[in-house]
Amino acid sequence: ASTLGASAAERGRYFGVAIAGSRLGDSQYATIANREFNMVSAENEMKPDATEPNQNQFSFGAGDQIANWARSNGKQVRGHTLAWHSQQPGWIQRMEGSGLRSAMLNHVTRVASYYQGKIHSWDVVNEAFADGSSGARRDSNLQRTGNDWIEAAFRAARAADPGAKLCYNDYNTDNWSHAKTQGVYRMVQDFKSRGVPIDCVGFQAHFNSGNPVPSNYHTTLQNFADLGVDVQITELDIEGSGSSQAEQYRGIVQACLAVTRCNGITVWGVRDTDSWRASGTPLLFNGSGQKKAAYDAVLAQL
Ligand code: XIL
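Residue numbers (full-length UniProt numbering): 37 to 338.
The structure is reproduced here in structure tokens:
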């Protein structure tokens with residue numbers, strides 16, 4: 037097929053993109069996004085600060101703009117994200133203890149219930165593990181409510197939307213030998229052994245010269261899949277240009293296709309100029325909306 041989404045679909049997978057609602061009025065942006073992708077993530081609009089700006093006052097307008105655009109164009113939606121230490125509304129940042137725990141679970145329940153039946157996969161919890169060599173949880177207000185906060189969030193999400201795949205999502209979990217990867221792996225293994233409802237692990241996959249695509253990437257994806265979860269590449273971007281960047285993108289697609297339970301790949305933006313990254317050219321389309329070598333490599337591999 038001649039687009040990323042249609043080609044991925046022929047492989048039983050999706051190819052997604054993060055959408056910023058504010059850019060949908062840019063016709064070049066909307067045209068590319070609509071043509072190439074069959075899965076959509078809201079870049080910011082379904083995060084806790086967007087959906088519950090004041091406690092128990094929910095705001096779904098911005099998220100709905102993206103979800104409705106996706107649906108009217110025949111695309112599915114990844115929900116991003118229900119519980120995270122970052123992009124919390126101020127009122128949550130000021131909470132702790134059992135009050136925070138209840139507020140977090142209420143948020144998970146209300147947002148997942150609102151979107152019930154409309155979400156392919158939810159990033160229930162985002163970025164809960166620490167960087168570095170500990171393999172431990174990241175310190176955060178949520179973590180300080182008790183180590184079981186993640187499983188509590190997953191149980192609440194399952195109750196609210198039994199049809200959505202429930203994912204744990206993180207970054208720097210690509211290299212199998214890294215402590216953070218091992219920490220997440222042990223948590224998923226534990227959840228599966230105890231029946232905590234988890235269906236998938238999201239690999240953000242933000243790469244740059246200091247954090248290149250590891251040679252054992254396929255091993256990482258396969259080992260997680262072997263725990264009995266799907267794996268998804270959820271926020272892909274790779275700094276660089278030309279054939280070296282194209283080769284790294286190709287390797288990611290190849291690794292995903294080699295793992296039966298790797299359901300799909302999402303890139304974190306449309307054009308280089310849409311990227312969250314302050315500098316660099318990490319995406320598949322240049323600032324003029326033209327296909328880059330990386331695009332050609334991905335399409336050829338799919
Ligand atoms: C980023 C967005 O792209 C930016 O627009 C925003 O200012 C900050 O968040 N990991 C995640 C994403 O899980 O939600 C982040 O998105 C990028 C890193």
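Ideal Cβ positions, reconstructed from N, Cα and C, are used throughout, including at glycine.
Taking 8 Å as the cut-off, the beta carbon of VAL289 is found no closer than this to the beta carbon of GLN225. Here ASN104 is exposed: its Cβ has fewer than 16 other Cβ atoms, across all protein chains shown, within 10 Å.
At least one heavy atom of the ligand XIL is found less than 7 Å from the C-beta of ASN80.
For GLY135, the uninterrupted alpha helix (DSSP H) run begins and ends at 133-150, by DSSP.
TYR207 places its beta carbon less than 8 Å from that of HIS242. Taking the Cβ of GLN240 as the reference point, at least one heavy atom of the ligand XIL falls within a distance shorter than 7 Å. Taking the Cβ of ASN162 as the reference point, at least one heavy atom of the ligand XIL falls within a distance shorter than 7 Å. Under the criterion of beta carbons closer than 8 Å, PRO125 and ASP85 qualify as touching, at roughly 5 Å. In this structure, the beta-carbon distance from ALA261 to CYS298 falls below 8 Å.
The DSSP-derived three-state label of TYR207 is coil. Annotation: THR255 is outside any beta strand (DSSP E); the continuous alpha helix (DSSP H) that includes it extends over 253-261.
Shortest Cα-Cα distance from ARG146 to any of LEU178, ARG194, ALA314 and SER122 involves ARG194. Put simply, of ASN259, ALA188 and GLU79 the residue whose alpha carbon is nearest the alpha carbon of THR209 is ASN259. The distance from the Cβ of ALA329 to that of SER251 is about 21 Å, inconsistent with a contact at the 8 Å cut-off. Annotation for ARG286: the continuous alpha helix (DSSP H) segment containing it runs 278-293.
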